[in-house]
Amino acid sequence: MRVERIARDKVRIFISYDDLEERGIDRDEIWHNGKKVQDLFWDMMETAYMEVGFEIAGPISVEAFTMPTEGVVVIVTRIPSIPGATSDESDMEDDDDNATTLFSREPGFQSRADSYMVFSFSDFDDLVFVCHTLLPYQINTSLFYYKDRYELLIADALDSERWQLVASILSEYGSVSSSTEAVLKEYGKTVIAENALEAIVQRFPL
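Count along the sequence shown from 1, add 453, and you get the number used in the working numbering.
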């Protein structure tokens with residue numbers, strides 16, 4: 454399990470398939486919100502608190518999607534309290550009911566506002582090919598060069614179904630990077646600041 458803080462009220466957690474197997478959770482079971490999955494959720498929250506100081510306070514939004522080889526990526530966002538809500542209402546929103554909707558695919562857990570993901574490529578040809586494949590999706594991307602690898606930043610408000618498809622395509626040619634947007638902008642070399650997919654496809658036809 455790996456945790457990284459991507460905003461003040463948002464963390465991203467990577468769970469490998471080996472992590473799931475050790476807990477006796479198969480790939481399909483992750484969506485069923487059984488006791489083992491709920492236990493996993495609270496372990497994730499404890500790890501997030503210990504490693505990056507992220508603590509649940511009030512209602513949260515949880516999004517998750519699977520990757521063919523990487524495992525499961527979970528994004529947890531703290532939702533600002535609703536003005537005028539009573540303390541009883543706030544307490545109710547903060548109880549175990551949050552866990553029962555952990556990996557739910559209900560509409561309330563579909564938004565991806567302000568989310569981003571970084572994929573890393575060691576082979577530039579693989580990057581070119583995946584850009585051609587993803588071009589029809591018209592997603593917002595930037596390209597950086599960092600630690601001898603090409604880092605493709607995808608920053609777009611995609612719904613979960615579309616994001617799942619995009620991430621699956623990317624994972625066939627690259628791997629999820631632990632680099633954050635801030636690190637890439639500060640320490641990486643900016644190759645293409647915006648519209649990276651379109652620029653690469655235009656410059657490097659297949």
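We put the beta carbon where it would ideally sit given N, CA and C, even for glycine.
All values derive from a computational prediction rather than experimental measurement.
Exercise. On the three-state DSSP scale, how would you describe residue 483?
Worked result: Position 30 of the sequence shown, counted from the start, is the residue given in the question as residue 483. Residue state for residue 483 is assigned as helix, using DSSP reduced to three classes.
Exercise. Helix, strand or coil: how does DSSP classify residue 467 here?
Worked result: For this step, residue 467 is matched to residue 14 along the sequence shown. Here DSSP, grouped into helix, strand and coil, assigns residue 467 to strand.
Exercise. Thinking C-alpha only, which one of 461, 576 and 589 is nearest residue 650?
Worked result: Stepping through the sequence shown from its first residue, residue 650 is reached at position 197. Of the listed residues, the one whose Cα sits closest to residue 650 is 589.
Problem set entry | Check whether residue 605 and residue 574 have beta carbons under 8 Å apart | Within the sequence shown, the letter at position 152 stands for residue 605. Within the sequence shown, the letter at position 121 stands for residue 574. Yes, the pair counts as a contact, with Cβ atoms nearer than the cut-off.
Exercise. Going by other Cβ atoms of all chains shown within 10 Å of its Cβ, with 16 needed for buried, is residue 659 buried or exposed?
Worked result: As a first step, residue 659 is located in the sequence shown; it is residue number 206 there, counting from the start. Burial check for residue 659: the Cβ neighbour count within 10 Å stays below 16, so the residue is exposed.
Exercise. For residue 465, does the count of other Cβ atoms within 10 angstroms reach 16, so buried, or fall short, so exposed?
Worked result: If you number the sequence shown from 1, residue 465 lands on position 12. Buried, since its Cβ has 16 or more Cβ neighbours within 10 Å.
Exercise. Quick one: is residue 570 buried, meaning 16 or more other Cβ sit within 10 Å of its Cβ, or exposed?
Worked result: The sequence position of residue 570 within the sequence shown is 117, counting from 1. Of the other Cβ atoms in all chains shown, 16 or more fall within 10 Å of the Cβ of residue 570; this residue is therefore buried.
For this session: Using alpha carbons as the reference points, say which of 586, 531 and 488 lies closest to residue 657.
Result: As a first step, residue 657 must be located in the sequence shown, where it is residue number 204. Comparing Cα positions, the closest option is 586.
Exercise. What separation, rounded to the nearest whole angstrom, lies between the Cα atoms of residue 488 and residue 471?
Worked result: The residue you call residue 488 lines up with position 35 of the sequence shown. The residue you call residue 471 lines up with position 18 of the sequence shown. One C-alpha to the other measures close to 19 Å.
Exercise. Going by other Cβ atoms of all chains shown within 10 Å of its Cβ, with 16 needed for buried, is residue 640 buried or exposed?
Worked result: Start at 1 with the first residue of the sequence shown, and residue 640 comes out as number 187. It is exposed - the Cβ of residue 640 has fewer than 16 other Cβ atoms within 10 Å.
Exercise. Unbroken alpha helix (DSSP H) runs of length 4 or more, entirely within the stretch 582-651: which are they?
Worked result: Correct list: 613-626 and 634-640.
Exercise. Quick one: Cα of residue 504 to Cα of residue 456, how far?
Worked result: As a working mapping, residue 504 is identified with position 51 in the sequence shown. As a working mapping, residue 456 is identified with position 3 in the sequence shown. Each residue's Cα considered, the two are about 7 Å apart.
For this session: With a 10 Å radius around its C-beta and 16 neighbouring C-beta atoms as the bar for buried, classify residue 478 as buried or exposed.
Result: Residue mapping note: residue 478 aligns to position 25 of the sequence shown, counting from 1. Result: buried.
Problem set entry | Contact under 8 Å by Cβ, residue 499 with residue 490 | The residue labelled residue 499 in the question sits at position 46 within the sequence shown. The residue labelled residue 490 in the question sits at position 37 within the sequence shown. Cβ atoms of residue 499 and residue 490: not closer than 8 Å.
Exercise. So what's residue 523 in DSSP terms, helix, strand or just coil?
Worked result: The sequence position of residue 523 within the sequence shown is 70, counting from 1. It is coil, neither helix nor strand.
Problem set entry | Span of the alpha helix (DSSP H) around residue 684 | Outside the shown range of the chain, which is 454 to 659, sits residue 684, and nothing can be said about it.
For this session: State the Cα-Cα distance for the pair residue 416 and residue 629, rounded to the nearest angstrom.
Result: What the structure shows of the chain is the stretch from 454 to 659, and residue 416 is not part of that stretch, so it cannot be assessed.
Exercise. Since residue 511 contacts residue 532 with CB under 8 Å, what's their CB separation in whole angstroms?
Worked result: As a working mapping, residue 511 is identified with position 58 in the sequence shown. As a working mapping, residue 532 is identified with position 79 in the sequence shown. About 7 Å separates the two Cβ atoms, so the contact holds.
Exercise. Terminal residues of the continuous beta strand (DSSP E) containing residue 458?
Worked result: As a working mapping, residue 458 is identified with position 5 in the sequence shown. Residues 455-460.
For this session: Tell me whether residue 541 sits in a helix, a strand or coil according to DSSP, three-state version.
Result: For the purposes of this step, residue 541 is taken as the residue at position 88 of the sequence shown. Because the pLDDT at residue 541 is just 38, under 50, the model does not fix this residue reliably, and the value given afterwards should be weighed accordingly. Residue 541: helix per DSSP, three-state reduction.
For this session: Under 6 Å Cβ to Cβ from residue 463, same chain only, skipping five residues before and after it: list those, please.
Result: In the sequence shown, counting from the first residue as 1, residue 463 sits at position 10. 530.
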